Amino acid sequence: MLWVRQAVQRADGKLSFVPVKTHRSVRPVPIPAFGVRALEKHRAVQAAEKLAAGEAWKDNGLVFASSIGTPLEPRNVNRVFETVRAEADLPWLHLHDLRHAFATFLLTGGVELRTVMELLGHSTIRLTADTYGHVLPATARGASGVMDGLLRRDNG
Numbered sequence: 001m002l003w004v005r006q007a008v009q010r011a012d013g014k015l016s017f018v019p020v021k022t023h024r025s026v027r028p029v030p031i032p033a034f035g036v037r038a039l040e041k042h043r044a045v046q047a048a049e050k051l052a053a054g055e056a057w058k059d060n061g062l063v064f065a066s067s068i069g070t071p072l073e074p075r076n077v078n079r080v081f082e083t084v085r086a087e088a089d090l091p092w093l094h095l096h097d098l099r100h101a102f103a104t105f106l107l108t109g110g111v112e113l114r115t116v117m118e119l120l121g122h123s124t125i126r127l128t129a130d131t132y133g134h135v136l137p138a139t140a141r142g143a144s145g146v147m148d149g150l151l152r153r154d155n156g
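Residue numbers (full-length UniProt numbering): 1 to 156.
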C-alpha cells in the first residue's frame with residue numbers, strides 16, 4: 001500500500017513540498033502484486049543511489065526521488081514517460097491520462113464507484129460519476145446480468 005500524503009509544487013523556481021489539495025487527497029493506494037515486485041526492485045536501485053550519493057543524499061522518504069533524494073523534476077518525469085511510451089508504440093497520450101485509464105479500467109472491471117472515488121481522492125461521488133459516467137452504462141448492463149442470474153428460477 002502506498003500513501004499519498006503531500007504534493008510537490010514549483011514556487012520561485014524551486015520544487016517544494018506542499019499539502020495536498022483536500023483532506024480526501026491524503027489516502028492509501030493499494031498496489032497489485034506485480035507493482036509490489038517492481039517497487040521492491042526500485043528500492044534496491046534507490047538504495048544503491050543513496051549509497052553512491054553519500055552525504056549529498058537528502059532523505060525525504062520519497063518512493064521516487066532524484067539520484068540525491070530530492071523530488072523529481074517534472075520535466076524529467078515527462079521526458080522519461082515519453083521515451084517509454086514511444087518504445088512501447090502506444091498512441092500519443094499525456095502522463096495524467098494514465099489516471100483516467102486507471103479509473104476507467106476499474107469501473108469497467110466492476111469496481112464500485114465509491115471505491116474508485118476514494119482511490120482517486122475525489123471529494124464527492126458525483127465528481128467521479130460526472131467524470132467517468134461514460135463507463136457506467138456498460139457496468140449497469142453487467143448488473144442486469146447479475147440480477148438475472150440471482151432472480152432466475154429454474155423450472156426444470
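Glycine is no exception: its CB is placed at the ideal position from the N, C-alpha and C atoms. Just so it is clear, the structure is predicted and the values come from calculations on it, not from any experiment.
The three-state secondary structure of R10, taken from DSSP, is strand. With respect to the 8 Å criterion, T70 and N60 are classified as neighbours on the basis of their beta carbons. Going by beta carbons, V63 and L39 fall inside the 8 Å limit. Nearest Cα to L120 within the set V26, L150 and S144: V26.
The alpha-carbon separation between V146 and L113 amounts to approximately 17 Å. Apart from the 5 residues on each side of it in sequence, A7 sits with its Cβ closer than 6 Å to the Cβ of V18 and V20 in its chain, given in chain order. Residue environment analysis places M117 among the buried positions, since at least 16 neighbouring C-beta atoms fall within 10 angstroms of its C-beta.
One Cα belongs to E73, the other to H42, and the distance between them is close to 18 Å. Residue state for L2 is assigned as strand, using DSSP reduced to three classes.
In the three-state scheme derived from DSSP, where H, G and I count as helix and E and B as strand, F17 is classed as strand. Of all alpha-carbon atoms in A129, L106 and A65, the one lying nearest the alpha-carbon of A48 is that of A65.
Between the alpha carbons of A86 and T104 lies a distance of about 22 Å.
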